[in-house]
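The next block holds one structure in the form of structure tokens; read it before the comments.
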Amino acid sequence: MTENDFSRRDFLKVLGWGGTAVALSGCGNTSIQDGQETVTSYVTLPSYVTPSISNYFNSTCAQCDAGCNIMGRVREGRVLKAEGNPNSPINRGRMCGLGLSGVQAHYNPDRVREPLLRTGDKGETITWDKALGLINEKLNGTKGTEIAFVTGGMSGHVQALLGNYMDELGSKNHFSYEAISPAVLRAANKKAYGESMPRYRIDKARVVVSFGADFLGAWVSPVHFSQQYAQFRKGSRPEGRGVLVQIEPKMTLTGANADRWIAVRPGTEGVLALGIINALGKAGLSIPADIAAVSHEYTTERTSKETDVSAEQIEKLAALLKERTPSLVLAGGAAEGYAHGSQNAAAIALLNRVLGNVGKTLEASASVPFPQIAPTVGSRSSLIALNDGLAAGKYKVVFSYGVNPVFSAPASMKFKDNFAKADFKVAFAQYMDETALAADLILPLDSAMEDWATVVPEYMAAPEGAGSNAYAQMSFRQPMMEKVFPDTRGVGDILLALLKQRTADKYKEFEDFYSYLRSAVLKNKVALGGKAGDDDEVFWNETLSKGIVPLKGIAGSVSAKASAAGLKLPVPTDADPSYPLRLIPAVSASMRDGRNANEPWLQESPDPLTTIVWDSWVEINPKTAAKLGIVEGDIVEVTSKSGSIKTQAYLFPGIHPDAVSVPVGYGHEAMGRYARGVGANVFGMLDSVFDKETGELALNETSVKISKTGQRVIIVKEEGPVGGSQAGKPKIAVQVSADKVDLSKEV
Amino acid sequence: MGKDIREDIAWAQINKDVLKSLESPRKLYWVIIFVALLVFSVGVGCEIYQYNTGMGVANMDNPHVWGLYIASFIFWIGMSHSGTLLSAILHLMHADWRKPIYRFAEAMTTFSLLTAGLFVAVHLGRLWQVYYALPYPSERWIWPNFQSPLLWDAMAIFTYLSSSILFLYIGSIPDLAICRDNIHQGWRKKLYTLLALGWEGTDRQWRNFRVTYLTIACFLIPLAVSVHSIVASDFAMSQQPGWHVTSFPPYFVAGALYSGCAAIITLFIILRYVFRFEEYMTLPILKKTVRLTFAIAMVWTYLNCIEFASVWYSHDQVAKDVLIQKATGTYAPFWWAMIFCGSVVPFAMMVKKWQTNIPVMFAVSLLLNLGMWLERWMIVAPTFSHGYYPWTWDHDQWPSLIQWGIVFGSFGWFTLLFMVFCKIVPSVSMYEVKEMVYHRSQARKKEERAVQEELAVKGAH
Amino acid sequence: MSVSNLLENWSKFRHTHPVDDKGIPDWEAYPSDIKWAMSIDLDACTGCNACSVACYAENNLPVVGKDKYSHGQAMHWMRVERYWDEGDNGFQAEQGARFLPMMCQQCEAAPCETVCPVGATNHTEDGLNSQIYNRCIGSRYCSANCPYKVRYFNWYNYPEQENAWPAPLNQQLNPDLTVRTKGVMEKCTFCKQRTYTARNNAKTEGRPVQDSDVQTACQEACPAGAITFGNLHNPESQVAKQWQSQQVDLIKDIQEKDEKEGNRLRGYRVLEELRPYPSVMYLERVRESAV
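Pasting the structure below:
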């Protein structure tokens, strides 16, 4: 990797001369990458480096799929901290804990440092030449249909390159997999509004009713929605302080911030939505006939009985929605993770139509004008397809990049065994995670702070102002410093090298991915906001220094076409007495699907609701716990039809008595020192039940029973022995009723 | 009640008996030394580990930043007070029964202060920077913070320690001269010669000696009272519930005298046996000490009740919560044990038969000291576990074995110092016992003469 | 070293505070035109912990691991507390949870400052409660006397013996401030390294410090923008406007508005009644009663 060292450094120097916010990481004398140092006096510094003054590189966060724009703070050749890019319409200069921990992925001591080849049970360090040669060798004589590539959600030029590679191989088997994906939401949105990811305008709504959408925590683009939420809560805005109602069986971070958190019986969210529509009709709102035809069956009494939400509450909610418009109704994972998840989402979408929110608080989004860089979104259903193919022995060579299906697939899918059936498995990996361990060849990846990429977010936030309806953006990810480990490579570089194996001629002009990306960007200078006459160098540097490329996107449109036709919600049945409780796998803002579990800040950052650190837990309603004789800290066994885990019990008021909840992302058996052996992996015990329409794994469809093991521990958590009590102290965390304060004049 | 001391002991006999204690104690002495060494080395081991690893091994945390070290520190400071009580206060009050026992009580004062000093060191996170707390001349004009009760503490203890060493030493000079004159060879001879400062027992020397001794005694009394008041200020001057109690200074002083007296009883019994001091440390003296201890126990109990009452009837809800927490929370067993040992057990000292029963008094004195140690712990710990801020309440903090080990070791250190001292310096003041015997025999003669005269008068009729 | 110097420093030290010995406010005597202060809107705060992680990143806080966390030895300068509404049957979740980010309140009459035997914690001229690591001997009296318990002690040697930053994680450490060794106390500094730079820059440019000059790390990260930070002395600063509009006066222990009937403002300070005069104002969390 030393061959492209020079060009990159030159490029970075140019940036510095440009005088923009970007300058070279380090003084250009030290190369961590090749492990050599050129001794040069620090007295003669490059003009853009002042000792003790930080430089900032604009880049894009890679910790989740929201694609927040970040600035890397760089001092003397080291990136120290990720800060938000204030010009970003997505995160507007803000960061979440997950994003901030990106530097710990970059500097992680457990990163894979050299290509590794498995021989039997042992791994052997090999050179890149040998590794790439080996891939070439294996691919020769393998049919395109026998080659599969599994990745997470992708976008940008890496995706384009991957597409080209797949084409060269003659394979159509690119599986885009996300363990936690809003796939049901996308489908339901498409059906109800005509767009899979419309723009949500929480900031414009007077009331937000969220059916389990954890938009402040882990849903779609949480930092962006937090910005909107802050606006929404401002008493001084013309609409006044917004009211948030969260309906879900297990309290999420968003639920914890709601004015009213309603514990609904798991799976009956759709019923409640229809019940609210019925109540709205009773309150005098005109309900379209097709909807009324369905909703009239859901009388308040029936709804109350089925959903476990009091009639009074339903009527109050309907009254509030009728009185305060516009409102916004959201559907999230908690409502969608069922066999009838799509039906739930469809029923909830009806509310937006009935309340006239479509077009007001649900706006059309825009998409990038280049389909090859537009995001490919991941889902669980694609993993199922891959798994079926593997089980049938269809795939001989499998590549995996950026995903960990061995960890996150339910045990009942037997993914690990099926994966082993492929002859040659290549993992592009930053950590020796469970999937990398099961692979034959492990290629060490650059971190997101060392690599080049372009990113197109799936949820396209837009700045305020004219033209926002057609606003789309592409963000740059660029190296902020030299490589921490000299022998890792960027995914683009690897793909380019692999492409050259197949068709050397087409790509010979590109020395590396950087030159490929640069030429691709320059070719589209005009579309990317430049003028035809602009100097290439200047245009490239300016674009890169901004980090965000606004594009004239293809404006979408939303329409209130949600229809009640074909809507059929199951009548809740009594629980199976041998598995009486519903398991809700909880997705926390920091742990997500567990891919970042080896970042110690995240492990030590308490779960906001339970304040537990460094372990899994099972949340049980105190009433249920009392019935089962469980107290806090009891090690309990949570057993489903498909598996079981043992973990500590935490008595939690924010959960429906019929449900228990275990966070996902814990319980790694590999990956690194901070992740391994921490907690239990709840993915493994999920039943294989799928949403009937999208084929997505129904995360909340697993029923469990809970039994005590007799062991008890003291839970390691932030809160003290009195839990969340303020012990009668008048002035600690004070809460006031909205009618007791005047917010309109607040600064 | 028997006599405090036999009036007919010959002075030479006193010298002989006491000097014998410097040479041939009972075997138990060596057992005690050995055990003390062992215990002390446990403490040293723990401290080395803690020094190298960090205070975390003591299992302290936020908010429990202070633990047994501070509790034991107060305990040892407290114990030092009764030496002063016996030698200075009773000296001024002419209670001559103190004479056979004040020397070791003073030694106890000095050594328990030295032990307390250890805890300051052990407690500090950065022991190696301890000199920052001293107002030493610094080029940068950096001073310690004179507002801090801890600094007052350091100064008070330092003053008290130096004064009590001086007091102990000056009071021993005539005895050291006796040692010098009776021991004819070896390092001891040299040591005693050096320490006796050329004492010849001239009239002039005795006059100067008396004046000096009296002056230091007068100086020491307010000092002793102030030292524990200042230790109490560490707490009373803070803002924490359960600590900012106005009555803490007298309460601490009473507690200090109490634990000190209890310790005197313990050591009395041990020395009496180990050094064969049955003739000097007599049961009637024990009885007087026991009665004194009982009186102080009642003062302490009274002040304790005052503290509870003032918290209970105040409007300070937080302080009240801490009190309730003490009585009902995690610390309840220890708190009730403290009440039992400190306020119930002393009633055993009311039983006349037991006042001179050595095994019973030995057990009682140990229990009293346990109670007083618990009292200190119960002052320090519950406030941390149940302070102003409910989020940081922490009811499960339990000191680690390292912490216990160091506390344990401190007893070894104290015993070691004390026992070695008793073997080198006469632990019974020879010259004062002689005085006592003389005065008593004079008094007796006077009495007898009076009786005879009376009889003579009667006979004349 | 001179006694007169001691006495001089003494009086100066006392006058760093706007509240004099008798408790009478005396802003005139305040030695600087900067008084850093904060306000946190609990209605905007979502409890997401981003501030806390940002603090770890900015201030070189060690990750202590599960075992030490279980012993209460975590080093989070900024902790997000979660409270529940309390009803007759235990905790109620119907109105969500209440979050409270708690860090050093930079009290003007700080209980910690007076008790330190070596003067390692002092009041700075810009109204901060500073901690001098070099001077600290680890008596922990400051923490013992802190009503909020927001001071964190280095129970172990995290940088070296405990290997809290195994290479290359140590390359992330912020060179603008030190890592702390065992035996010293530490706490939130209001990102001292940032405020100091801002002050210097403003001074160089010959102008007063403005809001745009400095953000604390927690404020910068906060996704909901719940944290406001700035110079309370500058009437143009957002934080001064907020304090003023909420009628919270730094130098009072009982705010006049709280005494009045029908107070419709929501600014308050935690444990104000103990009279530490904290520099952090919280805005009460608001909950809609109509639903």
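Chains as they are written, first to last, in the UniProt record's numbering: chain A, 1 to 747; chain B, 1 to 461; chain C, 1 to 291.
In this text, a Cβ means the ideal position worked out from N, Cα and C, and glycines have one as well.
- Taking the Cα positions, I324 (chain B) is about 24 angstroms away from Y141 (chain C).
- In this structure W300 (chain B) does not touch Y273 (chain B) by the C-beta definition: roughly 28 angstroms separates them, more than the 8 angstroms allowed.
- For F57 (chain A), the uninterrupted beta strand (DSSP E) run begins and ends at 55 to 60, by DSSP.
- Listed by position along chain C, the residues whose Cβ is nearer than 7 angstroms to that of Q147 (chain B) are T114.
- When 9 angstroms is used as the limit between beta carbons, V286 (chain C) is near these residues of chain A: R233, G235, R241, D259, Q735, V736, S737, A738, K740, V741, L743, in chain order.
- Of the candidates C:Y148, C:G183, C:Q210, C:Y148 places its Cα closest to the Cα of E273 (chain C).
- Per DSSP, G72 (chain C) has no beta-bridge partner at all.
- Here the alpha carbon of N469 (chain A) sits roughly 12 angstroms from the alpha carbon of Y200 (chain A).
- The DSSP-derived three-state label of K623 (chain A) is helix.
- Taking 8 angstroms as the threshold, the shortest C-beta distance from R582 (chain A) to chain C does not fall below it.
- T215 (chain B): member of the alpha helix (DSSP H) spanning 203 to 236, first to last residue.
- Below the 9 angstroms Cβ cutoff, chain C contributes no neighbours of P249 (chain B), its closest Cβ being approximately 17 angstroms away.
- Separation of the CB atoms of G341 (chain A) and V184 (chain A) is rounded to 5 angstroms, and the pair is thereby assigned contact status at 8 angstroms.
- Of the candidates A:G332, A:M474, A:K130, the residue whose Cα lies closest to the Cα of A187 (chain A) is A:G332.
- Annotation: Cβ neighbours of D615 (chain A) in chain C (cutoff 8 angstroms, chain order): K66.
- Three or more beta-carbon pairs drawn from the segment 397 to 413 of chain A and the segment 435 to 454 of chain A are found closer than 8 angstroms, and the two stretches are therefore classed as touching.
- Proximity to I254 (chain C) across C:V270, C:K241, C:G262, C:C104 peaks at C:V270, based on C-alpha coordinates.
- Of all residues in the segment 709 to 732 of chain A, only I714, E718, E719, G720, P721, V722, G724, S725, Q726, A727, G728, K729, I732 come within less than 9 angstroms of chain B when Cβ atoms are compared, listed by chain position.
- The straight-line gap separating the alpha-carbon atoms of S289 (chain C) and Q735 (chain A) is approximately 12 angstroms.
- In this structure, the CA atom of D33 (chain C) is about 46 angstroms from the CA atom of E94 (chain C).
- Only residues of its own chain outside the window of five on either side were considered, and among them M338, C341, G342 have a CB closer than 6 angstroms to the CB of G371 (chain B), listed in chain order.
- When Cβ pairs closer than 8 angstroms are counted between the two stretches, the segment 144 to 154 of chain A is seen not to touch the segment 493 to 508 of chain A, the count staying below three.
- Contact between A345 (chain A) and E336 (chain A) holds, with the beta-carbon distance rounding to 5 angstroms and staying under 8 angstroms.
- Every unbroken stretch of the beta strand (DSSP E) spanning 3 or more residues and falling wholly within the segment 559 to 617 of chain A is given here in chain order: 581 to 586.
- Around G684 (chain A), the same chain offers P410, A411, G643 as residues with beta carbons nearer than 7 angstroms, after the five sequence neighbours per side are excluded.
- Taken through DSSP and simplified to helix, strand or coil, L443 (chain A) comes out as strand.
- The beta carbon of F153 (chain C) sits closer than 8 angstroms to some beta carbon of chain B.
- S707 (chain A) sits in a strand when the DSSP states are folded into three classes.
- Per DSSP, the beta-bridge partners of Q473 (chain A) are A:P550.
- For the segment 268 to 280 of chain C, residues whose beta-carbon sits nearer than 7 angstroms to a beta-carbon of chain B comprise L271, L274.
- A374 (chain A) is not a Cβ neighbour of S382 (chain A), given a cutoff of 8 angstroms.
- For R103 (chain B) and S427 (chain B), the gap between their C-alpha atoms comes out near 6 angstroms.
- DSSP, reduced to helix, strand and coil, places P149 (chain B) within a helical segment of the structure shown.
- Put simply, the segment 387 to 398 of chain A touches the segment 411 to 421 of chain A. At least three CB pairs are less than 8 angstroms apart.
- Interface with chain B (8 angstroms Cβ-Cβ cutoff): Y148 (chain C) is included.
- Looking from the CA of W155 (chain C), the closest CA among B:I74, B:Y313, B:L367, B:M60 belongs to B:M60.
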